[in-house]
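**Student:**
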Amino acid sequence: MTMYNPGRNKTRIKVYSQGAEYTENEVGELVPVLKLKFVDWAEIKRQSGKEVLEQRKTEHQLGRTLSMRFRPDLAPEDLIYIGEDEYLVLAILPMGRYMEVVVEWQK
Numbered sequence: 180m181t182m183y184n185p186g187r188n189k190t191r192i193k194v195y196s197q198g199a200e201y202t203e204n205e206v207g208e209l210v211p212v213l214k215l216k217f218v219d220w221a222e223i224k225r226q227s228g229k230e231v232l233e234q235r236k237t238e239h240q241l242g243r244t245l246s247m248r249f250r251p252d253l254a255p256e257d258l259i260y261i262g263e264d265e266y267l268v269l270a271i272l273p274m275g276r277y278m279e280v281v282v283e284w285q286k
C-alpha cells in the first residue's frame, strides 16, 4: 500500500448529487436537479498508453481513478466535474485517510 501524499492533489473537482427533484427543460422533458455537495482537490491517476491500447478506447471513454482525502458524503451515482468534463462515480475504495474513486466519463 502506498502512502497518501495530499500534495499531489492538484486538480480541483466539484461534486454534485443527482437529487430526487426534477425540473422541466426548454422542450418539456423532466431532468434531475443537480445539487453541489462539495468542492475538493484530487489527483487524477492516468492510465498508461498500453492500457489504452488494450481496451481499444479513446482516453475520454476510459474510466479514471481519482485519489483524494476520505469524504464520507461522496456516494456512487454522484457526478464529478473536472473543468467542463462530467464523470459518474462508479466505485469508492476507502483506504484509511484517503480513498480512490473510480469514475466514468459522461460528457
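Mapping to the numbering used here: the sequence shown position 37 is 216, numbers consecutive. Just so it is clear, CB atoms sit at the ideal spot from N, CA and C, and this is done for glycine as well.
#1: When you compare only the Cα positions, how much space is there between Lys-189 and Lys-214?
#2: Any chance the segment 216-230 sits against the segment 245-253, with 3 or more Cβ pairs inside 8 Å?
#3: Could you pull the start and end residues of the beta strand (DSSP E) that Pro-211 belongs to?
#4: Can you say whether Arg-243 is buried or exposed, counting buried as having 16 or more other CB atoms within 10 angstroms of its CB?
#5: Which word fits Tyr-277, buried or exposed, when buried means at least 16 other C-beta atoms lie within 10 angstroms of its C-beta?
#6: Would you mind working out which of Ile-192, Leu-272, Glu-263 and Glu-205 sits nearest Lys-286, comparing C-alpha positions?
#7: List the DSSP bridge partners of Gln-197.
#8: In this structure, what does DSSP give as the bridge partners for Asp-264?
#9: With DSSP as the reference, label Gly-275 as helix, strand or coil.
**Tutor:** Reading from the atomic positions:
#1: Distance from the CA of Lys-189 to the CA of Lys-214, rounded to the nearest whole angstrom, comes to 23 Å.
#2: yes
#3: 209-224
#4: buried
#5: buried
#6: Glu-263
#7: Leu-213
#8: Ile-261
#9: coil
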